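Asker: Residue numbers for the sequence shown follow the numbering used here, so the first one is 5 and each next one is one higher.
We put the beta carbon where it would ideally sit given N, CA and C, even for glycine.
Only a predicted model underlies this, so the values are computations on that prediction, with no experimental measurement involved.
First the structure, then my questions, so here it is.
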Amino acid sequence: MSTPLLPPIGMLAELTHRCPLQCPYCSNPLELLKANRELDTETWLALFSEAADLGVLQVHLSGGEPTLRRDLEQLIAGLAGRGVYTNLITAGVGIVEGRIEAFAEAGLDHLQLSFQGARPATTDRIGNHKGAHEKKLETARRARAAGLPLTINAPIHRHNIEEVPEFIDLALSLGAERLEIANVQYAGWALTNRDQLMPEREAVDRQAEMVAEAQERLAGIINIDFVTPDYFAIYPKPCMGGWARDAFMVTPDGTVLPCHAAQTIPSLSFERFEPRRLSSIWADSPGFNAFRGTDWMKEPCRGCERREIDWGGCRCQAMAI
């Protein structure tokens, strides 16, 4: 390995694959795990404790829809007790009254809320959930009232790309500190439905110009992040931070992965938390070490000046293509 192995700082915890929405670009596996295969409360708490011991500073609680876990407040409190920053990634539908306040009281640090469209009809249609848009608006209002910092996540594709200016207005109206204009990445269900989701290049270029203008105009008011559709990027989509370099993720059944799509690479296998400890998986797992550093690269990647920027590109997408 050409670079020293440092402790991870971030972790994505997929608490469940259950979800009330049916988004056609969902990045979850095509074969979703059933509820009876999810880790129980005590196992998640033990895993979080080991993650904190390993050096993890922030945990993103995701799914599926993580608020379907009845023990979510307990999981948040466990992380807060270890001084770990928590970010809840939610679709914001079906959250009963008082629960967001309970999350905040348990120690939640931040809430990230997805909108499938800036218009109610788009949100409801893309997620196949009637009334979803209004429920999301209410979730945003309650999060702000509870004092939680708010990020609005806007997954962009052919059917909502023209709503980008409206997404910006929506985030401003909700008092969000951050807006993520995230063009769909073509893995999971998005790869299966790619022909119906990928926008035209001209639409992507117009979108990029609008976002750049808004970033400049609204600097200091709201932070706007832009995730380009990798098929139209100048350079290959980079492996996130380098394969298993500073973060990892855990699936609902406790399988520990270097990235969200790693299980799609057929030549690799990955281990589950318990019986193995996180520290052992992080240091010794063949799946984690497969693409670490740059020694594994062939030319032209090995000699490229961007080798520690792109990290050889996304292995998962390369295998999918």
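Where does V63 sit, in a helix, a strand or coil, going by DSSP?
Answerer: Start at 1 with the first residue of the sequence shown, and residue 63 comes out as number 59. Three-state result, V63: strand.
Asker: Assign N331 to one of two classes, buried (16 or more other C-beta atoms within 10 Å of its C-beta) or exposed (fewer than that).
Answerer: Because the chain spans 5 through 325 in this model, residue 331 falls outside it and cannot be assessed.
Asker: On the CB-based measure, 16 or more other CB atoms within 10 Å of its CB, does R73 come out buried or exposed?
Answerer: Indexing the sequence shown from 1 puts residue 73 at position 69. Buried: at least 16 other Cβ atoms inside 10 Å.
Asker: Are the segment 188-200 and the segment 213-223 in contact at 8 Å, needing three or more beta carbon pairs?
Answerer: Not touching, per the Cβ criterion.
Asker: Could you have a look at R182 and say whether DSSP puts it in helix, strand or coil?
Answerer: Reading the sequence shown from its first residue, position 178 is the one you call residue 182. R182: strand per DSSP, three-state reduction.
Asker: Check this for me: beta carbons of I160 and L183, under 9 Å apart or not?
Answerer: Taking the first residue of the sequence shown as 1, we reach residue 160 at position 156. Taking the first residue of the sequence shown as 1, we reach residue 183 at position 179. No, the Cβ-Cβ distance between I160 and L183 is not below 9 Å.
Asker: So what's A158 in DSSP terms, helix, strand or just coil?
Answerer: Counting from 1 along the sequence shown, the entry for residue 158 is found at position 154. DSSP places A158 in strand when its eight states are reduced to three.
Asker: Assign M5 to buried or exposed, taking buried as 16 or more other Cβ atoms, counted over all protein chains shown, within 10 Å of its Cβ.
Answerer: On the sequence shown, residue 5 is found 1 positions in, with the first residue counted as 1. No answer about M5 holds up, because its pLDDT of 43 lies below 50 and its placement is not dependable.
Asker: Mapping DSSP to helix, strand and coil, what is V215?
Answerer: For this step, residue 215 is matched to residue 211 along the sequence shown. Helix at V215.
Asker: Could you check the C-alpha separation between L37 and G307 for me, to the nearest Å?
Answerer: Reading the sequence shown from its first residue, position 33 is the one you call residue 37. Reading the sequence shown from its first residue, position 303 is the one you call residue 307. Rounded to whole angstroms, L37 to G307 spans 41 Å at the Cα level.
Asker: Whole angstroms are fine: how far does the CA of A147 sit from the CA of W247?
Answerer: Locating residue 247 in the sequence shown gives position 243, counting from the first residue. Locating residue 147 in the sequence shown gives position 143, counting from the first residue. Approximately 34 Å between the Cα atoms of the pair.
Asker: Does the separation of the CB atoms of A207 and F230 fall below 9 Å?
Answerer: Numbered from its first residue, the sequence shown carries residue 207 at position 203. Numbered from its first residue, the sequence shown carries residue 230 at position 226. For A207 and F230, no; Cβs fall outside 9 Å.
Asker: Looking only at C-alpha atoms, which of T127, A237, L10 and K139 sits nearest to V100?
Answerer: One-based indexing of the sequence shown puts residue 100 at position 96. Checking every option, the nearest Cα to that of V100 belongs to K139.
Asker: From the DSSP output, read off the bridge partner residues of L117.
Answerer: By 1-based counting over the sequence shown, the position of residue 117 is 113. Per DSSP, T94 and I156.
Asker: Between G67 and C23, what straight-line distance do the alpha-carbon atoms span, to the nearest angstrom?
Answerer: In the sequence shown, residue 67 corresponds to position 63, counting from 1. In the sequence shown, residue 23 corresponds to position 19, counting from 1. Answer to the nearest angstrom: the Cα atoms are 8 Å apart.
Asker: Whose CA, out of W193, L176, G121 and A125, lies closest to the CA of N164?
Answerer: Working through the sequence shown from its first residue, we reach residue 164 at position 160. Of W193, L176, G121 and A125, the residue nearest in Cα terms is G121.
Asker: Let me confirm a value: L10 is counted as buried when at least 16 other C-beta atoms fall within 10 Å, else exposed. Which label applies?
Answerer: For the purposes of this step, residue 10 is taken as residue 6 along the sequence shown, with counting starting at 1. Looking at its Cβ environment, which holds fewer than 16 other Cβ atoms inside 10 Å, L10 is exposed.
Asker: Out of T268, A106, A149 and G98, state which residue places its alpha-carbon closest to the alpha-carbon of G192.
Answerer: Here the question's residue 192 lines up with position 188 in the sequence shown. Of the listed residues, the one whose Cα sits closest to G192 is T268.
Asker: I need the straight-line Cα distance from L115 to P12, nearest angstrom please.
Answerer: As a working note, residue 115 is residue 111 in the sequence shown. As a working note, residue 12 is residue 8 in the sequence shown. Computed Cα separation, rounded: 22 Å.
Asker: Once the 5 residues before and after N197 are set aside, which same chain residues still bring their CB inside 8 Å of it?
Answerer: Translated into positions along the sequence shown, residue 197 becomes position 193. Only P28 and Y29 meet the Cβ criterion.
Asker: Helix, strand or coil: how does DSSP classify M5 here?
Answerer: Walking along the sequence shown from the start, residue 5 turns up at place 1. Its pLDDT being 43, under 50, M5 is placed unreliably in this model, and the coordinates cannot settle the point.
Asker: Looking at L49: is its Cβ nearer than 9 Å to the Cβ of V63?
Answerer: Here residue 49 is taken as the residue at index 45 of the sequence shown, counted from 1. Here residue 63 is taken as the residue at index 59 of the sequence shown, counted from 1. Not in contact: L49 and V63 (Cβ atoms no closer than 9 Å).
Asker: Return the CA-CA distance between R205 and F236, expressed in angstroms with no decimal places.
Answerer: The residue you call residue 205 lines up with position 201 of the sequence shown. The residue you call residue 236 lines up with position 232 of the sequence shown. Cα to Cα, R205 sits roughly 7 Å from F236.
Asker: Quick check: the Cα distance between I238 and D314, rounded to an integer number of angstroms?
Answerer: As a first step, residue 238 is located in the sequence shown; it is residue number 234 there, counting from the start. As a first step, residue 314 is located in the sequence shown; it is residue number 310 there, counting from the start. For I238 and D314, the distance between alpha carbons rounds to 12 Å.
Asker: Between H137, G87, E105 and Y89, which has its C-alpha nearest G96's C-alpha?
Answerer: In the sequence shown, the residue the question calls residue 96 occupies position 92. When each option's Cα is compared against that of G96, the closest is H137.
Asker: Return the chain-ordered list of same chain residues with a C-beta closer than 7 Å to the C-beta of F277, the five sequence neighbours on each side being excluded.
Answerer: Numbered from 1 along the sequence shown, position 273 holds the residue referred to as residue 277. Once the five neighbours on either side are set aside, the close Cβ partners of F277 are L51, V254, G258 and V260.
Asker: When the distance is taken between beta carbons, is A106 closer than 9 Å to E77?
Answerer: Your numbering for residue 77 matches position 73 in the sequence shown. Your numbering for residue 106 matches position 102 in the sequence shown. For E77 and A106, yes; Cβs fall inside 9 Å.
Asker: Determine the extent of the alpha helix (DSSP H) in which E138 is found, giving its start and end residues.
Answerer: As a position in the sequence shown, residue 138 is number 134, starting the count at 1. Residues A136 to A149.
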